[in-house]
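**Student:** My structure is below; once you've seen it, I'll send some questions.
Protein chains: 2
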Amino acid sequence: MPRRPGKVSIRHVAEAAGVSVATVSNVVRGRKNVSDAVRARVEKTIDTLGYLPNRAAMQLREGRNRIVGVLVPSLDNPFFTAIIASIENCARRDGYDIIVASAGEDSALASSRLKALLSWRPAGMIVLPNDDCFADAGLLDASGVPYVVLDRLPGASVADTVAVDNEQAATEIAAHLAGLGHRHMLVVATTLSLANIRERCAGILAYCARAGLPEPRVLEVGHHFEDGPPGLTEALAGANAPSAVIALTNSITLGALRCLHQSGYAVPGDMSLVGYDDYAWMRATLPPITAICQPVDALGAEGWSRLMLRIAGEGTAPLQVRLACTLVVRGSTAPPRTGNLS
Amino acid sequence: MPRRPGKVSIRHVAEAAGVSVATVSNVVRGRKNVSDAVRARVEKTIDTLGYLPNRAAMQLREGRNRIVGVLVPSLDNPFFTAIIASIENCARRDGYDIIVASAGEDSALASSRLKALLSWRPAGMIVLPNDDCFADAGLLDASGVPYVVLDRLPGASVADTVAVDNEQAATEIAAHLAGLGHRHMLVVATTLSLANIRERCAGILAYCARAGLPEPRVLEVGHHFEDGPPGLTEALAGANAPSAVIALTNSITLGALRCLHQSGYAVPGDMSLVGYDDYAWMRATLPPITAICQPVDALGAEGWSRLMLRIAGEGTAPLQVRLACTLVVRGSTAPPRTGNLS
DNA sequence: TTCCGCAAGTTAAACGTTTAACTAACGGGA
DNA sequence: TCCCGTTAGTTAAACGTTTAACTTGCGGAA
Numbered sequence: 001m002p003r004r005p006g007k008v009s010i011r012h013v014a015e016a017a018g019v020s021v022a023t024v025s026n027v028v029r030g031r032k033n034v035s036d037a038v039r040a041r042v043e044k045t046i047d048t049l050g051y052l053p054n055r056a057a058m059q060l061r062e063g064r065n066r067i068v069g070v071l072v073p074s075l076d077n078p079f080f081t082a083i084i085a086s087i088e089n090c091a092r093r094d095g096y097d098i099i100v101a102s103a104g105e106d107s108a109l110a111s112s113r114l115k116a117l118l119s120w121r122p123a124g125m126i127v128l129p130n131d132d133c134f135a136d137a138g139l140l141d142a143s144g145v146p147y148v149v150l151d152r153l154p155g156a157s158v159a160d161t162v163a164v165d166n167e168q169a170a171t172e173i174a175a176h177l178a179g180l181g182h183r184h185m186l187v188v189a190t191t192l193s194l195a196n197i198r199e200r201c202a203g204i205l206a207y208c209a210r211a212g213l214p215e216p217r218v219l220e221v222g223h224h225f226e227d228g229p230p231g232l233t234e235a236l237a238g239a240n241a242p243s244a245v246i247a248l249t250n251s252i253t254l255g256a257l258r259c260l261h262q263s264g265y266a267v268p269g270d271m272s273l274v275g276y277d278d279y280a281w282m283r284a285t286l287p288p289i290t291a292i293c294q295p296v297d298a299l300g301a302e303g304w305s306r307l308m309l310r311i312a313g314e315g316t317a318p319l320q321v322r323l324a325c326t327l328v329v330r331g332s333t334a335p336p337r338t339g340n341l342s
Numbered sequence: 001m002p003r004r005p006g007k008v009s010i011r012h013v014a015e016a017a018g019v020s021v022a023t024v025s026n027v028v029r030g031r032k033n034v035s036d037a038v039r040a041r042v043e044k045t046i047d048t049l050g051y052l053p054n055r056a057a058m059q060l061r062e063g064r065n066r067i068v069g070v071l072v073p074s075l076d077n078p079f080f081t082a083i084i085a086s087i088e089n090c091a092r093r094d095g096y097d098i099i100v101a102s103a104g105e106d107s108a109l110a111s112s113r114l115k116a117l118l119s120w121r122p123a124g125m126i127v128l129p130n131d132d133c134f135a136d137a138g139l140l141d142a143s144g145v146p147y148v149v150l151d152r153l154p155g156a157s158v159a160d161t162v163a164v165d166n167e168q169a170a171t172e173i174a175a176h177l178a179g180l181g182h183r184h185m186l187v188v189a190t191t192l193s194l195a196n197i198r199e200r201c202a203g204i205l206a207y208c209a210r211a212g213l214p215e216p217r218v219l220e221v222g223h224h225f226e227d228g229p230p231g232l233t234e235a236l237a238g239a240n241a242p243s244a245v246i247a248l249t250n251s252i253t254l255g256a257l258r259c260l261h262q263s264g265y266a267v268p269g270d271m272s273l274v275g276y277d278d279y280a281w282m283r284a285t286l287p288p289i290t291a292i293c294q295p296v297d298a299l300g301a302e303g304w305s306r307l308m309l310r311i312a313g314e315g316t317a318p319l320q321v322r323l324a325c326t327l328v329v330r331g332s333t334a335p336p337r338t339g340n341l342s
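Chains as they are written, first to last, in my numbering: chain X, 1 to 342; chain G, 1 to 342.
Spelled out as structure tokens, the structure:
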């Protein structure tokens, strides 16, 4: 009998060891008493045959199982992959496997990916919706599979959610810039159709209103910009030109920085820049970038532990968790040139 | 009957539609002729009941299945996650799901993760080993599951492998720098215990030898450096100081750049820098970074198509594929100061 | 009419587990 | 001696599919 883990079942082990399949199962799962002699014999047989339990069969029999499905908009964005890394860590610790699917921008695709994940009968799901209508909530609710929604909050939800406190983060940014003496700020956003982006904008506008500063202009540039965010160059110049740029996303931070360099602005001399998400490269640029650090790790971990509670059947009402961000001040922000004060 | 996809089986559908389970299966899988009337009735029932086939049961019954396991060293490294993104794309296109596990630096953990993946009886596996002894090759071979090894090549392997042509890339780097007039180069590597890193070094040394240039110094800095790669500052100065730094990894590129800035070197005025992996941030720095662009997407896609061939049972001999890298020349490399010429 | 073939459905076995229910053997207390 | 309890192990059903083999009914060719 060659070692062919894919082909050897509990039955082969039982025969080779001269016991019943139930006994092998008992040895493997440690459920019932088995004499030391038999246990040793079975374990040895398992080893020589290279037996691995078949998870499909286990799962079928047990009903419950130890997979969690994770659905993200994209695997190309380090923000999402960092969250996955965090979740995977938790999963491994708790003896779960995760199945990852990415939905892209397309919500039809999101539905079909979600169905594929659900057909695994996962113990739970962690979803990062790709828009905030989150049309699939119904599907998920109907399935009865416990789930938690991360990062992007659906409009009206009965589920557990874990997200970042966008307003607090926005306030910190605005307060920092205002503290340095900036009056005119330019906010660069991907799209206002996402609730968390809207919250970030709203937070900044609200602060400026309270502080009696002119209302910052908001520029919407979309998700894809190869050669710098469209319209940014124009928005930087002219009357009421900003003295500080706030990038609301990690990719925008990159695009804005590139655009500033290409247009010949010195950072922070001519223009201050606040970025979003705190990545290693932001520490390597000259100057290093002042940025909002989203607690990615905590986001994943908190989502995971909420999910575990749900799976354990805690009947509590849906909980909406908000995690605080921290503003890491580095070299890309400074007081505006006096000429820009006004 | 409430819509509870998790709870409704093919049997419920059959009863509700007044047909046998076999007929439902035939409708779902489209295997045999079913009259239009019955098909319509069954499809409607499936819809109202919210039936989703149970993959565990399918898999158990069919033996084969449509999962591919992907094992990577880490989910924190964008190089690996980009490969995963590429694989996931292919998988979706071909109707597969992927299960992702990360092994960390620990090879004991790698073994246990691998076993967990194998217990799913995947149709195939894609592995990025975390060292080049790749002790688990035996386990994988014994399992009979087709697999391909990506990026890091195990010492002696009978499997399909897809990797990058490290020597070609190294030659391009060295030739570029030599062409600019650099004579003394400093190579910064994570660890020489990885075959692909060794190949990169060897390629550079070989070129310099051929070109009659002094042998570049190689600095080994390990995987973790929060505050710049250890020993780098010292290696930059002194007699025979380099006029160009070659970073052999994306994280090292970051570390080196940061170190150069902190030590007050102007790039490329005082020191040229060539980086590894071509990420968006390298275009946003001032100057943008000259770097080797590894064909990440092709790496994943090529690995996937090799795997599909294996799964289809092509009995060909193991194939070792090497993909070419391209050197993207940007602003971080320039002729050395004349003082540095020697 | 008889028989054959085809179309449309059904029956039942099998996949690899887990586990409740059962059996066998053995000692010890009354 | 009889009975009971415990321990160590076995038997068999069940989980939700797929599919080979079978049944039934019908139309047409001989």
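Heads up, the beta-carbon is just placed ideally off N, CA and C, and yes, glycines get one too.
1) Can a CB atom of chain X be found closer than 8 angstroms to the CB of Ile292 of chain G?
2) Report buried or exposed for Val158 of chain X, applying the criterion of at least 16 other Cβ atoms within 10 angstroms of its Cβ.
3) Quick one: is Glu105 of chain X near chain G, going by C-beta distance under 8 angstroms?
4) DSSP on Gln294 of chain G, reduced to helix/strand/coil?
5) Rounded to whole angstroms, what is the Cα-Cα separation between Ala312 of chain X and Gly124 of chain X?
6) Between the Cα of Ala298 of chain X and the Cα atoms of X:Val8, X:Ala22, X:Ile84, which residue gives the shortest distance?
7) What do you reckon, are the CB atoms on Thr190 of chain X and Ile292 of chain X nearer than 8 angstroms?
8) Would you say Lys44 of chain G reaches chain X, if we count a Cβ-Cβ gap shorter than 8 angstroms as a contact?
9) Just by C-beta distance, which residues in the segment 84-102 of chain X are closer than 8 angstroms to chain G?
10) Shorter than 8 angstroms from the beta carbon of Lys7 of chain G to some beta carbon of chain X?
11) Just confirm the distance between the C-beta atoms of Val28 of chain G and Ala17 of chain G, as a whole number of angstroms; I'd bet it's less than 8 angstroms.
12) Keeping to the same chain, check which residues put their C-beta closer than 8 angstroms to that of Tyr265 of chain X; ignore five residues upstream and five downstream.
13) Distance cutoff 8 angstroms, beta carbons only. Does Gln320 of chain G sit that close to anything in chain X?
14) Within this structure, are the beta carbons of Ile98 of chain X and Val68 of chain X separated by less than 8 angstroms?
15) Per the contact definition of three or more C-beta pairs closer than 8 angstroms, is the segment 70-78 of chain G in contact with the segment 52-71 of chain X?
16) Ser86 of chain G and Val296 of chain G look like a contact to me (Cβ under 8 angstroms); what is the Cβ gap, rounded to whole Å?
17) Would you mind telling me which residues of chain X sit closer than 7 angstroms to Asp277 of chain G, beta carbon to beta carbon, in chain order?
18) Using a Cβ-Cβ cut-off of less than 8 angstroms, list which residues of the segment 67-84 of chain X approach chain G; keep chain order.
19) Mind listing which residues of the segment 50-66 of chain X have their C-beta closer than 7 angstroms to chain G's C-betas, in chain order?
20) Between X:Ser111, X:Leu140, X:Leu139, which has its C-alpha nearest Asn130 of chain X's C-alpha?
21) So which residues on chain G does Thr285 of chain X lean against when the C-beta distance must stay under 7 angstroms?
22) Looking at the secondary structure, which residues open and close the alpha helix (DSSP H) in which Glu15 of chain X lies?
23) Can you list, in chain order, the residues of its chain with a C-beta nearer than 7 angstroms to that of Pro146 of chain X? Leave out the 5 residues immediately preceding and following it.
24) Could you work out which residues of chain X lie near His12 of chain G, taking near to mean beta carbons separated by less than 8 angstroms?
25) Would you say Ala247 of chain X lies against chain G (beta-carbon separation less than 8 angstroms)?
26) Does the structure place the segment 242-262 of chain G close enough to the segment 216-234 of chain G that three or more beta carbon pairs sit under 8 angstroms?
27) Leu192 of chain X and Met185 of chain X look like a contact to me (Cβ under 8 angstroms); what is the Cβ gap, rounded to whole Å?
28) Considering Cα atoms alone, identify which of G:Leu150, G:Asp132, G:Leu117, G:Ala163 is closest to Ser143 of chain G.
29) Assign Thr351 of chain G to one of three DSSP states: helix, strand, or coil.
30) Could you spell out where the beta strand (DSSP E) holding Met185 of chain X opens and where it closes?
31) If contacts are defined as beta-carbon pairs under 8 angstroms, then Asn54 of chain X and Ser9 of chain X qualify, I think. What distance do you get, rounded to the angstrom?
32) Under the rule that 16 or more other beta-carbon atoms within 10 Å means buried, what is Ala137 of chain X, buried or exposed?
33) Ordered along the chain, which non-local residues of its own chain (more than five positions away) have a Cβ less than 6 angstroms from that of Ala345 of chain X?
34) Going by the CB atoms, is the gap between Val221 of chain X and Ile204 of chain X shorter than 8 angstroms?
35) Can you list, in chain order, the residues of its chain whose CB lies under 8 angstroms from that of Glu215 of chain X, leaving out five sequence neighbours each side?
36) Roughly how many whole angstroms lie between the Cα atoms of Tyr279 of chain X and Phe80 of chain G?
**Tutor:** The structure says:
1) No, because no Cβ of chain X sits closer than 8 angstroms to the Cβ of Ile292 of chain G.
2) Val158 of chain X should be labelled exposed.
3) So no, Glu105 of chain X is outside the interface.
4) Secondary structure of Gln294 of chain G (DSSP, three-state): coil.
5) Cα-Cα distance, rounded: 10 angstroms.
6) It is X:Ile84.
7) It is not a contact, given that the beta carbons lie outside the stated cut-off.
8) With 8 angstroms as the cut-off, Lys44 of chain G does not count as an interface residue toward chain X.
9) Among the residues of the segment 84-102 of chain X, those with a Cβ less than 8 angstroms away from any Cβ of chain G are Ile84, Ala85, Glu88, Arg92, Asp97, Ile98, Ile99, Val100, Ala101, Ser102, in the order of the chain.
10) Nearest CB-CB separation between Lys7 of chain G and chain X: below the 8 angstroms threshold.
11) Actually they do not touch by this definition, with Cβ atoms about 12 angstroms apart.
12) Around Tyr265 of chain X: Leu236, Met271.
13) So no, Gln320 of chain G is outside the interface.
14) The Cβ atoms of Ile98 of chain X and Val68 of chain X sit closer than 8 angstroms to each other.
15) No, they do not touch.
16) Ser86 of chain G to Val296 of chain G, Cβ: 6 angstroms. Contact.
17) In chain order: nothing, as chain X lies at least about 12 angstroms away.
18) In summary, the residues of the segment 67-84 of chain X whose CB is separated from some CB of chain G by less than 8 angstroms are Ser74, Leu75, Asp76, Pro78, Thr81, Ala82, Ile84, in the order they occur in the chain.
19) Taking 7 angstroms as the Cβ-Cβ cut-off against chain G, the residues of the segment 50-66 of chain X that qualify are Gly50, Leu52, Pro53, Asn54, Arg55, Ala56, Ala57, Gln59, Leu60.
20) Measuring from the Cα of Asn130 of chain X, the nearest candidate turns out to be X:Ser111.
21) Per Cβ cutoff of 7 angstroms: Thr285.
22) Under the DSSP assignment, Glu15 of chain X falls in the alpha helix (DSSP H) whose first and last residues are 10-17.
23) Exclusion of the five residues before and after Pro146 of chain X leaves Gly124, Leu307, Arg310, Ile311 as the residues of its chain whose Cβ lies within less than 7 angstroms of its Cβ.
24) Neighbours of His12 of chain G on chain X: none; closest Cβ ~14 angstroms, over 8 angstroms.
25) Nearest CB-CB separation between Ala247 of chain X and chain G: not below the 8 angstroms threshold.
26) Output reads yes: the segment 242-262 of chain G touches the segment 216-234 of chain G.
27) Not confirmed; about 17 angstroms, so no contact.
28) Of the listed residues, the one whose Cα sits closest to Ser143 of chain G is G:Leu117.
29) Examination of residue 351 of chain G is not possible in this model, given that chain G is present from 1 through 342 alone.
30) Element bounds for Met185 of chain X: 185-189.
31) Rounded to whole angstroms, the Cβ separation of Asn54 of chain X and Ser9 of chain X is 7 angstroms, and the two are in contact under 8 angstroms.
32) With 16 or more Cβ atoms within 10 Å of its Cβ, Ala137 of chain X is classed as buried.
33) With chain X covering 1 to 342 only, the question about residue 345 of chain X has no answer from this structure.
34) Cβ atoms of Ile204 of chain X and Val221 of chain X: not closer than 8 angstroms.
35) Exclusion of the five residues before and after Glu215 of chain X leaves Leu205, Cys208, Ala209 as the residues of its chain whose Cβ lies within less than 8 angstroms of its Cβ.
36) The alpha-carbon atoms of Tyr279 of chain X and Phe80 of chain G are separated by roughly 16 angstroms.
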